[in-house]
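*Asks:*
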Amino acid sequence: MHGYMHVTNNRIMSAEQIIFYIFASILTLSALGVITARNPVHAVLLLVLAFFTSAALWLLLEAEFLAITLVLVYVGAVMVLFLFVVMMLDINITRMREGFARYLPLGMLVALVIAFEMALVLGPQHFGLERVPAPMRHTAGYSNTAELGSVLYTVYLYPFEIAAAILLVAIVAAIALTLRKRTQNTRYQNPGEQVLVRREDRVRIVKMLSEQEGKRS
Amino acid sequence: MNAVTHFVTPDFLPAAPEMFVLGMACLILVVDAYLSQNQRWITYTLSQLTLLGAALLTLMLHQTEPSLTFNDSFIRDAMGGVLKLFIYLVTGLVFIYSREYLKSRDLYRGEYFVLALLAVLGMMVLVSAHSLLTLYLGLELLSLSLYSMVALQRDSAVASEAAMKYFVLGAIASGMLLYGMSILYGVTGSLDLASISRGAALFTPGEAMPAEMPGGNTLFIFGLVFVIIGIAFKLGAVPFHMWIPDVYHGAPTAVTLFLGSAPKIAAFAMLMRLLAEGLGALHGEWQTMLIILSVLSMAAGNLIAIAQGNIKRMLAYSTIAHVGFLLLGILNGTLSGYGAAMFYTLVYTLMSAGGFGMILLLSRAGFEADRLEDFKGLNQRSPWYAFMMLLLMFSMAGVPPTVGFFAKLVVLQAAVEAGLVWLAAFAVLMSVIGAYYYLRIIKLMYFDKAGHDAPLVAPRDMRIALSLNSLGMLALGLFPGALLALCSRVVGTG
Chain A
17 MHGYMHVTNN RIMSAEQIIF YIFASILTLS ALGVITARNP VHAVLLLVLA
67 FFTSAALWLL LEAEFLAITL VLVYVGAVMV LFLFVVMMLD INITRMREGF
117 ARYLPLGMLV ALVIAFEMAL VLGPQHFGLE RVPAPMRHTA GYSNTAELGS
167 VLYTVYLYPF EIAAAILLVA IVAAIALTLR KRTQNTRYQN PGEQVLVRRE
217 DRVRIVKMLS EQEGKRS
Chain B
31 MNAVTHFVTP DFLPAAPEMF VLGMACLILV VDAYLSQNQR WITYTLSQLT
81 LLGAALLTLM LHQTEPSLTF NDSFIRDAMG GVLKLFIYLV TGLVFIYSRE
131 YLKSRDLYRG EYFVLALLAV LGMMVLVSAH SLLTLYLGLE LLSLSLYSMV
181 ALQRDSAVAS EAAMKYFVLG AIASGMLLYG MSILYGVTGS LDLASISRGA
231 ALFTPGEAMP AEMPGGNTLF IFGLVFVIIG IAFKLGAVPF HMWIPDVYHG
281 APTAVTLFLG SAPKIAAFAM LMRLLAEGLG ALHGEWQTML IILSVLSMAA
331 GNLIAIAQGN IKRMLAYSTI AHVGFLLLGI LNGTLSGYGA AMFYTLVYTL
381 MSAGGFGMIL LLSRAGFEAD RLEDFKGLNQ RSPWYAFMML LLMFSMAGVP
431 PTVGFFAKLV VLQAAVEAGL VWLAAFAVLM SVIGAYYYLR IIKLMYFDKA
481 GHDAPLVAPR DMRIALSLNS LGMLALGLFP GALLALCSRV VGTG
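From first to last, the protein sequence lines are chains A and B. Heads up, the numbering used here is the position in the first sequence plus 16, with the first residue counted as 1. Heads up, the numbering used here is the position in the second sequence plus 30, with the first residue counted as 1.
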């Protein structure tokens with residue numbers, strides 16, 4: 017019985033590995049596509065793909081809540097808005113790609129050196145299974161959302177509040193940088209005035225003689 | 031499996047200054063929305079009162095024994111307290127100096143003060159950080175506020191360009207720092223600086239790691255490199271200094287003043303928390319990296335500053351050079367070295383506030399006064415402020431009896447103690463070269479003819495504050511003992 021369990025476990029692990037490698041390679045390729053795509057709309061769509069695949073990787077790590085949030089928030093809200101912006105802006109692609117060829121050799125060289133160094137250090141010799149044990153498997157009743165909820169407002173209360181302050185900065189900055197009052201050549205509605213409007217402001221009652229009376233006189 | 035985490039209410043009291051600043055920033059945000067332009071003094075007064083209140087709270091809650099709260103992610107210690115007090119002081123000076131400038135450029139709006147206060151909050155979080163998570167969040171709060179303050183002058187193309195450069199390079203730096211932190215987390219399995227420090231204590235150079243720290247040896251250094259790159263970016267040490275001249279030049283002078291002063295204290299705190307407290311055991315590894323950064327910063331900063339015709343750019347390169355000196359104190363890795371670096375940082379922020387304050391004093395509506403020629407013949411226009419500028423420049427150059435001399439002296443002592451006599455000699459050589467461009471301003475003020483003799487106009491509080499700021503450089507130079515003793519006493523208490 018014990019041996020049988022062990023074998024099944026192994027087989028599941030390998031299936032998991034295959035899934036991991038599939039998603040990881042799609043993720044890497046789509047991330048590469050984001051920065052090399054000629055069309056900015058394609059780049060945004062590839063970024064959506066990258067988010068989806070990383071959400072799948074998080075699911076493999078039993079982090080369902082984060083995975084779903086990533087899809088809902090980033091793909092569902094942020095990227096859709098982003099797509100809007102990209103489509104509305106008239107982006108001159110040729111100007112953006114100016115100097116790309118000139119900086120490519122140096123950039124590639126630096127990237128290759130960094131990738132080589134990272135491969136040296138971050139290989140399985142340091143992060144292999146015999147070095148770092150695999151994370152614990154959870155039972156069916158385990159809820160990632162509940163676990164997250166129990167620490168987010170307790171253990172991580174302080175970082176959580178600072179993150180809220182960072183969002184406040186983002187709002188203040190966005191309004192300060194973009195809100196302009198245009199007074200000339202713009203027509204706008206003032207909801208306050210609309211609500212406070214009285215009948216006398218809109219309707220003028222003109223008393224005049226009815227037609228028949230007019231005829232008679 | 032069904033472990034319920036019982037919530038223990040954390041001790042909120044140590045973080046009372048932080049909560050006060052955040053609450054007041056929100057209050058000012060709301061109050062300011064209802065004010066007309068000529069009631070803006072209320073915003074200004076509230077902002078100054080916020081700093082005063084935070085200072086009082088910090089003083090009242092001061093304890094010599096360090097204490098942790100919020101699940102060890104927040105630390106209150108003597109070093110943090112002193113650094114916070116100086117942050118309030120310098121920010122208060124910044125508000126006083128920049129008021130007239132902001133008024134004349136249509137920037138006198140609530141956002142400037144709210145963003146500055148939130149940046150102060152970010153610095154406070156950074157100063158009191160005791161885990162990688164809070165450290166990073168504090169840094170982001172500070173940086174995001176600063177990016178948007180640089181861009182606040184929306185119609186200026188130079189300011190927008192500066193903000194863009196600052197934002198992009200800052201984001202890269204944050205990415206580097208975050209990557210390094212993730213590696214450190216991977217090695218030690220903890221975000222808490224104390225646990226990281228315990229993990230780093232197992233580090234033995236050139237040997238395999240003990241069983242409980244698999245592969246830690248190489249990985250520690252790998253993470254450390256990225257962390258140092260991130261810090262160097264934020265500090266502006268060569269070769270990660272490219273953004274400093276452009277941002278200092280492009281930002282409105284009132285923002286440059288803020289950017290170039292108080293955040294340096296926070297950057298020092300970040301260095302201390304990460305390198306000294308977190309990775310102190312890896313001192314042998316990071317000392318070499320800091321030596322390289324320090325040598326390059328002192329050389330590039332001082333040499334390039336000579337060629338600048340714009341005083342904001344010149345002070346930007348001078349900042350880079352000063353960062354090199356600051357690192358001299360840190361790289362020793364001893365308490366006396368850290369104390370020297372802290373003294374240097376505090377003195378530098380005061381000098382920098384005064385220096386940029388002088389530019390603000392000379393500028394008027396539609397006139398920036400940021401070229402060296404604008405200082406020509408200042409002695410004829412106003413002998414008193416020419417003398418104040420002389421004190422500030424002497425202090426930056428390190429001429430006795432101003433405090434800049436003592437600041438340089440103590441970091442050089444630290445370098446000599448570390449057995450790096452060649453480095454100390456190099457630093458002296460570089461500061462001699464650096465003296466040239468500081469003294470050039472003094473020459474322009476005293477020996478050249480003024481282009482025009484428009485009198486200097488400034489509100490009384492600015493004149494008094496600027497005079498006290500500059501005279502403080504002389505007074506601290508004559509009696510450096512108290513501040514020096516304070517720095518060496520509080521440092522390393524955490």
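We put the beta carbon where it would ideally sit given N, CA and C, even for glycine. Here the structure is a predicted model, which is why all the values come from computation and not from measurement.
Enumerate in chain order the residues of its own chain whose CB-to-CB distance from A445/B is below 6 angstroms, with the five nearest sequence positions on each side excluded.
*Replies:* L358, L453 and A454
*Asks:* Please report how far the alpha carbon of A46/B lies from the alpha carbon of D276/B, in whole angstroms.
*Replies:* 37 angstroms
*Asks:* Between the segment 303-323 of chain B and the segment 141-153 of chain B, can you find at least three pairs of beta-carbon atoms closer than 8 angstroms?
*Replies:* They do not touch, by the three-pair rule.
*Asks:* Cβ of N32/B less than 9 angstroms from any chain A Cβ?
*Replies:* Low confidence applies to N32/B: its pLDDT is 43, below 50, so where it sits in the model is not reliable enough to give any reading.
*Asks:* Should A395/B go down as buried or exposed, given a rule of 16 or more other Cβ atoms within 10 Å for buried?
*Replies:* It is exposed - the Cβ of A395/B has fewer than 16 other Cβ atoms within 10 Å.
*Asks:* Quick check: what's the CA-CA separation for E170/B versus A448/B?
*Replies:* 34 angstroms
*Asks:* Indicate the three-state DSSP secondary structure (helix, strand or coil) for D185/B in the structure shown.
*Replies:* coil
*Asks:* By DSSP, does T88/B sit in helix, in strand, or in coil?
*Replies:* In the three-state reduction of the DSSP assignment, T88/B falls in the helix class.
*Asks:* Does R27/A get closer than 9 angstroms to chain B when you measure Cβ to Cβ?
*Replies:* Unreliable positioning characterises R27/A in this predicted model, as indicated by a pLDDT of 49, which lies under 50. The coordinate reading is nonetheless provided below. No - not a single Cβ of chain B is within 9 angstroms of the one on R27/A.
*Asks:* Measure the alpha-carbon distance for D483/B versus M418/B and round it to whole angstroms.
*Replies:* Each residue's Cα considered, the two are about 18 angstroms apart.
*Asks:* I'd like the span of the beta strand (DSSP E) that includes L98/B, first residue to last.
*Replies:* S97 to T99
*Asks:* Can you give me the start and stop residues for the alpha helix (DSSP H) that R129/B sits inside?
*Replies:* A108 to S134
*Asks:* Please report how far the alpha carbon of M503/B lies from the alpha carbon of A47/A, in whole angstroms.
*Replies:* Each residue's alpha carbon lies about 53 angstroms from the other.
*Asks:* For S497/B and S66/B, what's the separation of their Cα atoms in angstroms?
*Replies:* 32 angstroms
*Asks:* Any beta-carbon of chain A closer than 9 angstroms to the one on T164/B?
*Replies:* yes
*Asks:* Please report how far the alpha carbon of K224/B lies from the alpha carbon of F116/A, in whole angstroms.
*Replies:* Just to set this straight, residue 224/B is Ala in the shown sequence, not Lys. Those two C-alpha atoms are separated by around 45 angstroms.
*Asks:* When DSSP labels each residue in this structure, what does S103/B get in the three-state scheme?
*Replies:* coil
*Asks:* From the DSSP secondary-structure annotation, give me the bridge partner or partners of N409/B.
*Replies:* Answer is none; N409/B lacks a bridge partner.
*Asks:* For a test of the three-state rule: what should DSSP assign to N340/B, helix, strand or coil?
*Replies:* strand
*Asks:* With A141/A as the anchor, note down where its alpha helix (DSSP H) starts and where it stops.
*Replies:* Per the sequence shown, the amino acid found at residue 141/A is Gln instead of Ala. Its alpha helix (DSSP H) spans residues P140 to F143.
*Asks:* Using the beta-carbon of each residue, which ones in chain B are nearer than 8 angstroms to Y90/A?
*Replies:* Ordered by position in chain B, no residue passes the 8 angstroms Cβ test against Y90/A, which lies about 17 angstroms from the chain.
*Asks:* Assign A150/A to one of three DSSP states: helix, strand, or coil.
*Replies:* coil
*Asks:* Could one say the Cβ of A399/B lies closer than 9 angstroms to chain A's Cβ atoms, at least one of them?
*Replies:* no
*Asks:* Could you please give the first and the last residue of the uninterrupted alpha helix (DSSP H) stretch that includes N499/B?
*Replies:* Boundaries of the alpha helix (DSSP H) harbouring N499/B: R490 to L508, taken from the DSSP string.
*Asks:* Roughly how many angstroms lie between the CA atoms of L91/B and D107/B, to the nearest whole one?
*Replies:* 10 angstroms
*Asks:* Compare the C-beta of Y215/B with all C-beta atoms of chain A and state if any pair is closer than 9 angstroms.
*Replies:* no
*Asks:* If we ignore side chains and look at the alpha-carbon of each, how far apart do L508/B and D491/B end up?
*Replies:* 25 angstroms
*Asks:* Do M7/B and K264/B have their C-beta atoms closer together than 9 angstroms?
*Replies:* No answer is possible for residue 7/B: the residues shown for chain B start at 31 and end at 524.
*Asks:* Suppose you measure from the CA of P282/B to the CA of F435/B; what does that come to, to the nearest Å?
*Replies:* 30 angstroms
*Asks:* Could you tell me which residues DSSP pairs with R394/B in its beta bridges?
*Replies:* F397/B
*Asks:* Pull up the DSSP beta-bridge partners for S27/B, would you.
*Replies:* The displayed coordinates of chain B run from 31 to 524. Any statement about residue 27/B would go beyond what the structure contains.
*Asks:* Taking the alpha helix (DSSP H) that Q443/B belongs to, which residues open and close that run?
*Replies:* Per DSSP, Q443/B belongs to the alpha helix (DSSP H) from V433 to E447.
*Asks:* Using only CA atoms, which one of A230/B, L376/B and M381/B lies nearest to V310/B?
*Replies:* First, the amino acid is wrong: residue 310/B is Gly here, not Val. With distances taken between Cα atoms, G310/B lies closest to A230/B.
*Asks:* Would you call the CB atoms of M426/B and N332/B closer than 9 angstroms?
*Replies:* no
*Asks:* Can you tell me which of L113/B, A370/B, G122/B and L345/B puts its alpha carbon nearest to the alpha carbon of F386/B?
*Replies:* The shortest C-alpha separation from F386/B is found at L345/B.
*Asks:* Looking at chain D, is there any beta carbon in it that lies within less than 9 angstroms of the beta carbon of P40/B?
*Replies:* Of the protein chains in the structure, A and B, none is chain D.
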